[in-house]
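Participant: FYI, the numbering for the sequence shown is 1 to 185, going by full-length UniProt numbering.
In this text, a Cβ means the ideal position worked out from N, Cα and C, and glycines have one as well.
Pasting in a structure now, in structure tokens, and then I'll have a few things to ask.
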Amino acid sequence: MQKIKPKPSPIWENKEKKPRTRVYFDLATETKESKRVVIELLDDIVPTTAMNFKNLIIGTNGLHYKDCTFFDIRKDQFVCSGAVKGEKRLGGYSSFAKQYFDDENFIAHHDIPGVVTMLNAGVHKNNSLFAITLKPMPHLDGRNVVVGHVVQGLEEITNLSHVYCYKGVPLDPVRIKSCGVMKSE
């Protein structure tokens, strides 16, 4: 029996050519040098969610993705990070001077590898926690707000998902060594 591959949504193609913000993470472990991952934010589709993500990239209100670790890694499925208060799953906090912000919309789908999606603590409880998918994950559609997708360095995320972990936690901690906003061309 042949598997049917899902067709990616046209959102990723950006047919209207509206400029989208690109941000980067440099990922590193104690034993391996950093590798760059570039993410294109869907600021034309989820402007509030994208603004929260960008604010956390640049460190607005003292909250920053820099030095966050990846606290849950599942081989060939997803990687999770974003605990800006350092307490793993409990360390999520939005950049808007409150812990949570509302779900914006569910227009973008989890239909390709490399989708960057906000993790939440329930309906309208988004904060800084995020995951990057490594395969289509349609069960997240309508539950998690997609904020962007990886446009460079997906192989680094795949390699990250293969590090040795105990119950999803890497034994050689992987962290965001640096991050920032890409200059527009």
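Are F78 and A28 touching if we call contact CB-CB under 8 angstroms?
Facilitator: No.
Participant: So, using beta-carbon positions, are L56 and A50 closer together than 8 angstroms?
Facilitator: Cβ atoms of L56 and A50: not closer than 8 angstroms.
Participant: Look up L129 in the DSSP assignment and say whether it is helix, strand or coil.
Facilitator: If DSSP states are grouped into helix, strand and coil, L129 belongs with the strands.
Participant: At a cut of 8 angstroms, does the stretch 172-182 reach the stretch 135-154 through at least three beta carbon pairs?
Facilitator: With the cut-off at 8 angstroms, the stretch 172-182 and the stretch 135-154 do not touch.
Participant: Can you give the Cα-Cα distance for E30 and D72, rounded to whole angstroms?
Facilitator: Cα-Cα distance, rounded: 17 angstroms.
Participant: In or out: R143 buried (at least 16 other Cβ within 10 Å) or exposed?
Facilitator: By the 10 Å Cβ count, R143 comes out exposed.
Participant: Please name the residue or residues paired with F25 in a DSSP beta bridge.
Facilitator: According to DSSP, which records beta bridges pairwise, F25 is partnered with V37 and C179.
Participant: To the nearest angstrom, how far is the alpha carbon of N107 from that of V116?
Facilitator: Checking the sequence, you will find Ile at residue 107 rather than Asn. Each residue's Cα considered, the two are about 14 angstroms apart.
Participant: For Y65, list the residues DSSP reports as bridge partners.
Facilitator: The partner list for Y65 (beta bridge, DSSP) is empty, contrary to what the question assumes.
Participant: Mind reading off the beta-carbon distance from D103 to V84? Whole number of angstroms is fine, and I expect it under 8 angstroms.
Facilitator: Contact flag wrong, Cβ pair sits at about 19 angstroms.
Participant: Let me confirm a value: H110 is counted as buried when at least 16 other C-beta atoms fall within 10 Å, else exposed. Which label applies?
Facilitator: H110 should be labelled buried.
Participant: What does a CB cutoff of less than 6 angstroms around M1 pick up in its chain, not counting 5 residues either side in sequence?
Facilitator: Any reading at M1 must be qualified, since the residue scores a pLDDT of 49, below 50, and its modelled position is unreliable; no value is offered.
Participant: Buried or exposed: Y62, going by 16 or more other Cβ atoms within 10 Å of its Cβ?
Facilitator: Reading off the sequence, residue 62 comes out as Gly, not Tyr. Exposed is the call here.
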